[in-house]
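No gaps in the numbering here: position 280 of the sequence shown is 1628 in the working numbering, and each next residue is one more. Just so you know, even glycine gets a beta-carbon here, dropped at the ideal spot from N, CA and C.
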Amino acid sequence: MEEHHDEPILRRRRKKKLRIGRVIFTLIFLFCIAAGIYSLVQFNFGKSIAEGNEIKPGTFEADSLNPNFPSIENYLLLGIDDDGSGKSRTDTMMVLSWDKKEGTMRVISFMRDIYAEIPGYKSYKLNTAYYLGGVQTTKDTITGMFGLPIHHYAIVDFDNFESIVDIAFPQGVEINVQKEMSEQIGVTLTPGLKKLNGQELLGYARFRADAEGDFGRVARQQEVITAIKKEAMNPTMILRAPKLVGALSGFIETDLTAKDEIARVLPILFSKGIDVETMTVPVEGSYSFNSYRHAGSVIEINLEKNKEAIATFLNMPLN
């Protein structure tokens, strides 16, 4: 008799478990739909913020990946500034080398005043290459001088940099300001640990009106990269990511498609294991100062010494 009583009880338990399972599945399904709608709305909103932004980089021909190092991609990162003539110079020039297999990022900052052999033109300061021939001429100049292959590029106008920072980090980016800064940066920064908004962070990265000059400015730009990477690890970043990616697709000019941008940006934002190492070209003891009538004050470098330093830093041979 007891066995007959157990069967209805077991059936009721199974039905109850099935109902609970369906409820959980339904909730997960609805959550995924809501998350998708939220992401799409935020992405489109971020994209709408960037409407009207226009950067004209010209043509770009990428180098092939090194078959011996297929996981390493080098990105030419340029920060441009319109001088009022409608043409821009690069105030910031970096190459980000991303080894996706090893999970490392290495950033090389190139000083803007390096006296460079610009293909098809006279030798000028390195930051003049973009003004003369756009992203391709800048790429050809860096590749030609240092043997450094370039696979992709990304360009941001400094006015847009402020908006990107404010979207990504509405509470600001934490920076330890070492000295008072105000000259030619549009803001006044006082010493101390600060949360800087987009305008302030840009001013901090561009300041060079002190004894360190451009060398100090490049060091601060590298500091900003590290600080942004740290802020991006905040768990709340996941809520702002769709809007940020949408804004980036409009504010940043790149050879990547929107799908490629998303596929590359999101892992960088949320990968705690990715370390960022930095170096500056020229390296210490490899340069001198000079002046030319057509180019002004420049930094002349020992090319071979800097090529060797770059190859060592990237842990790969260069052409």
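For residue j and residue i, the rounded distance between their alpha carbons
| i | j | result |
| --- | --- | --- |
| residue 1594 | residue 1424 | 21 angstroms |
| residue 1429 | residue 1467 | 22 angstroms |
| residue 1645 | residue 1602 | 31 angstroms |
| residue 1489 | residue 1510 | 28 angstroms |
| residue 1539 | residue 1522 | 13 angstroms |
| residue 1442 | residue 1376 | 43 angstroms |
| residue 1569 | residue 1374 | 48 angstroms |
| residue 1660 | residue 1455 | 13 angstroms |
| residue 1350 | residue 1372 | With a pLDDT of only 49 at residue 1350, under the threshold of 50, the placement of this residue in the model should not be trusted, and no figure is reported. |
| residue 1414 | residue 1542 | 42 angstroms |
| residue 1664 | residue 1512 | 33 angstroms |
| residue 1412 | residue 1537 | 44 angstroms |
| residue 1574 | residue 1625 | 9 angstroms |
| residue 1422 | residue 1498 | 5 angstroms |
| residue 1555 | residue 1479 | 22 angstroms |
| residue 1517 | residue 1579 | 8 angstroms |
| residue 1526 | residue 1658 | 29 angstroms |
| residue 1444 | residue 1419 | 13 angstroms |
| residue 1406 | residue 1368 | 58 angstroms |
| residue 1481 | residue 1662 | 27 angstroms |
| residue 1469 | residue 1654 | 23 angstroms |
| residue 1546 | residue 1515 | 9 angstroms |
| residue 1567 | residue 1427 | 15 angstroms |
In DSSP terms, what residue i is bridged to
| i | result |
| --- | --- |
| residue 1458 | 1629 |
| residue 1438 | 1428 |
| residue 1585 | According to DSSP, which records beta bridges pairwise, residue 1585 is partnered with nothing at all. |
| residue 1638 | 1646 |
| residue 1447 | 1420, 1452 |
| residue 1624 | 1453 |
| residue 1502 | 1425, 1602 |
| residue 1487 | Beta-bridge pairing links residue 1487 to no other residue. |
| residue 1550 | For residue 1550, which the question treats as bridged, DSSP gives no partner whatsoever. |
| residue 1493 | According to DSSP, which records beta bridges pairwise, residue 1493 is partnered with nothing at all. |
| residue 1666 | DSSP output for residue 1666 lists no bridge partner at all. |
| residue 1537 | 1529 |
For residue i, the first and last residue of its enclosing alpha helix (DSSP H)
| i | result |
| --- | --- |
| residue 1469 | Premise fails: residue 1469 is in no alpha helix (DSSP H) and is neither H nor E. |
| residue 1427 | Looking at the DSSP string, residue 1427 is not in any alpha helix (DSSP H); the run it does join, the beta strand (DSSP E), is 1420-1430. |
| residue 1561 | 1561-1579 |
| residue 1540 | Note, residue 1540: premise wrong, no alpha helix (DSSP H); beta strand (DSSP E) at 1540-1544. |
| residue 1661 | 1651-1662 |
Residue i: first and last residue of the uninterrupted beta strand (DSSP E) it sits in
| i | result |
| --- | --- |
| residue 1522 | 1521-1525 |
| residue 1411 | No beta strand (DSSP E) contains residue 1411, which DSSP labels as neither H nor E. |
| residue 1475 | Unbroken run through residue 1475: none, as it is neither H nor E. |
The ligand SAH heavy atom lying under 6 angstroms from the CB of residue i
| i | result |
| --- | --- |
| residue 1649 | As far as ligands go, the structure on display features none, and thus does not contain the ligand SAH. |
Review point. Can we say the stretch 1539-1552 touches the stretch 1497-1514, given the rule of at least three CB pairs closer than 8 angstroms?
Key: yes
Do the stretch 1471-1481 and the stretch 1577-1588 make contact, defined as three or more Cβ pairs closer than 8 angstroms?
no
Measuring CB atoms only, is the stretch 1443-1463 touching the stretch 1623-1634, in the sense that at least three cross pairs come out at less than 8 angstroms?
yes
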